[in-house]
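Single-structure report; data block below.
In this note's numbering, the protein residues as written are 22 to 694.
Take a look at the structure:
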């Protein structure tokens, strides 16, 4: 019998909720549109495609001609549609009832717009936990794709992974296709004829051998160098024609192969994601140890044998690594509980839309991809959460003050809200504000990122690797270039969380010391703290007054020194031209420049992207200092500096604090003339 191999090729298209329209349009011009138009010209080349719901709605509205081509390819049984959660959540990280709801929403959307109910599903970031099986099955999904690495971690031999396996959980069954890592690293980076030859080498006489590929479509045009390579230099056409001209390779839809072939047996996969994610989830120095161990195994030519057992972390580690991610996640879970606790007649579609949007995965994690370091993606999550919270508050009143350990860190947080603003104070000794929400603006002004050491920081100043011309293009997983000039100072690590109203005392003898506040005393509408420092007593009261957050301090027996208050404000304009300081009629500079004033009592921060203003006012004149708070992150384009917040320091010498100090932050909308 002649040897054959089924090519199961799938692509995954996704853009984060809240991403800029210019980014979506560029992605369509360089990738989504050209890919669909090329594939449409080859009806015999069968493939699968997953498009996340938020991106799908955008493409249907903005690019109906290209989406009509996809609908035609579905109708002529060339293209198979894959489902998933509508807003691309990591299913394992959201409640079970939301998993089913997210999946069925996208399935219904695909049926209504493109004419097919999916039987297969894409798992976001290929994050596998067995707990997702019941939700997938209950939502009508029959098979999913995960990495071959997941299977190898069970002891499976790579040679046995040319087909699908079956698993079960809580009485429900689902089938699992192992995605080939070898293909992920070849497509589209190796020359087309080399990939075709590799595919042919996988053939056998069983008629059930499969070459399984499912990965980001953005590799086909958006990643560095790929647009020219894939389209202008003809890689995609050459690959398709090479496959179609082969007597050995049979391009198939997953659904056709699934119906034709038998399962290769039962399998139970460990909690895992793709190999690269294992490193990204680990904190320093564990990530250094893991990377060094991998390099050691490669150097000794053992890695292909030992890599299933040289394992890093799991996706949920991001909640352990980044307090900002954990805070968003626990806020989302609490809002999901509030929504589902409502009587059905009080739930609205708008509430469900907002809930699903704040479950979108991108802003919860960080690696080569992931958007935790991107302020506009975190802002989209908080925007959705605050929209949902506003709607819930209208139908289900909540207390003006609540104490709870929401983030499970061992310290309570105190929530104060008055319907217009919400301030969340940490009861960890800092008495600082970790969330400050303006509901009309749907913005959290405390949404910044505390800088911590990252594994890739040790690569920042390494020389970029070069590849030989004519042997393909470089894979961004190995790219080490830099988009910005990054200094050692930019790689600094913050000693404390970047919050609002972080207080310290400065004197010549010991430098700067953080003040430690005792747990607040009982009060209906405010938080009253007290700190002791070298015999001095410092009282701190946090309250809300309509559209203003008010923090008052009183002092007794102060030693000689300087009282300092640090306020880190997340302003959406960052260091762009739409954000500026204003003092009266004077505009001294934008948020991205350092600023200092002596004897200042009030200043405004105007932000056109936000459509709002923060007015800072103090009754006692202070020394005012401001500078941009940057972080260094990595992406497929290289290392980059991103402004996270405006760091403002207010300082008073002890002899100026003979009376009560009051600081007000007033947040309001900009009303156009």
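Don't be surprised by glycine CBs; every beta carbon is placed ideally from N, CA and C.
Mapping DSSP to helix, strand and coil, what is residue i?
i           : result
residue 694 : With a pLDDT of only 42 at residue 694, under the threshold of 50, the placement of this residue in the model should not be trusted, and no figure is reported.
residue 210 : coil
residue 203 : helix
residue 78  : helix
residue 687 : strand
residue 489 : With a pLDDT of 48 at residue 489, under the threshold of 50, the modelled position of this residue cannot be trusted; read the value that follows with caution. The answer is coil: DSSP assigns residue 489 none of H, G, I, E or B.
residue 30  : strand
residue 247 : helix
residue 119 : helix
residue 172 : helix
residue 36  : coil
residue 126 : helix
residue 668 : strand
residue 476 : helix
residue 681 : coil
residue 599 : coil
residue 288 : coil
residue 296 : helix
residue 258 : helix
residue 648 : strand
residue 507 : coil
residue 305 : coil
residue 272 : strand
residue 326 : helix
residue 47  : helix
In angstroms with no decimal places, state the Cα-to-Cα distance between residue i and residue j.
i           : j           : result
residue 588 : residue 312 : 37 Å
residue 579 : residue 676 : 8 Å
residue 67  : residue 206 : 21 Å
residue 301 : residue 320 : 21 Å
residue 109 : residue 269 : 36 Å
residue 375 : residue 178 : 44 Å
residue 682 : residue 547 : 16 Å
residue 670 : residue 585 : 7 Å
residue 553 : residue 525 : 12 Å
residue 218 : residue 199 : 21 Å
residue 434 : residue 113 : 26 Å
residue 117 : residue 156 : 6 Å
residue 90  : residue 62  : 10 Å
residue 633 : residue 166 : 44 Å
residue 73  : residue 663 : 26 Å
residue 59  : residue 92  : 15 Å
residue 86  : residue 80  : 10 Å
residue 368 : residue 361 : 8 Å
residue 387 : residue 298 : 9 Å
residue 557 : residue 37  : 50 Å
Under the assumption that residue i contacts residue j (Cβ atoms under 8 Å), give the Cβ distance between them as a whole number of angstroms.
i           : j           : result
residue 475 : residue 305 : 7 Å
residue 191 : residue 164 : Not a contact, Cβ separation roughly 18 Å.
residue 53  : residue 261 : That pair is no contact at about 17 Å.
residue 184 : residue 229 : 6 Å
residue 6   : residue 518 : With the chain covering 22 to 694 only, the question about residue 6 has no answer from this structure.
residue 56  : residue 241 : 5 Å
residue 160 : residue 121 : 5 Å
residue 513 : residue 479 : No, residue 513 and residue 479 are not in contact; Cβ-Cβ is about 15 Å, not under 8 Å.
residue 272 : residue 30  : 7 Å
When we look at the beta-carbon of residue i and count the other beta-carbons within 10 Å, is it buried (16 or more) or exposed?
i           : result
residue 488 : For residue 488, the pLDDT reaches just 48, beneath the cut-off of 50, and the residue's location in the model is therefore unreliable, although a value from the coordinates is still provided. Label assigned to residue 488: exposed.
residue 610 : exposed
residue 322 : exposed
residue 486 : Interpretation of residue 486 is limited by its pLDDT of 48, a score under 50 that renders its predicted location unreliable; no figure is taken from the coordinates.
residue 394 : buried
residue 171 : buried
residue 136 : exposed
residue 295 : buried
residue 326 : exposed
residue 330 : exposed
residue 720 : Because the chain spans 22 through 694 in this model, residue 720 falls outside it and cannot be assessed.
residue 280 : exposed
residue 416 : exposed
residue 490 : Because the pLDDT at residue 490 is just 48, under 50, the model does not fix this residue reliably, and the value given afterwards should be weighed accordingly. Flag for residue 490 reads exposed.
residue 574 : buried
residue 410 : buried
residue 691 : exposed
Q. Taking the runs of the alpha helix (DSSP H) that are 4 residues or longer, which of them lie wholly in the region 390-467?
A. 396-416
Q: Scan the region 330-401 and note each continuous beta strand (DSSP E) run of 3 residues or more that stays entirely inside, going in chain order.
A: none
Q. At what residue ranges does the region 129-162 contain a whole run of the alpha helix (DSSP H), taking only runs of 4 or more?
A. 154-159
Q | 4-residue-minimum alpha helix (DSSP H) runs that sit fully inside the region 505-577, ordered along the chain | A | Every candidate alpha helix (DSSP H) stretch fails here, since none sits fully inside the region 505-577 while reaching 4 residues.
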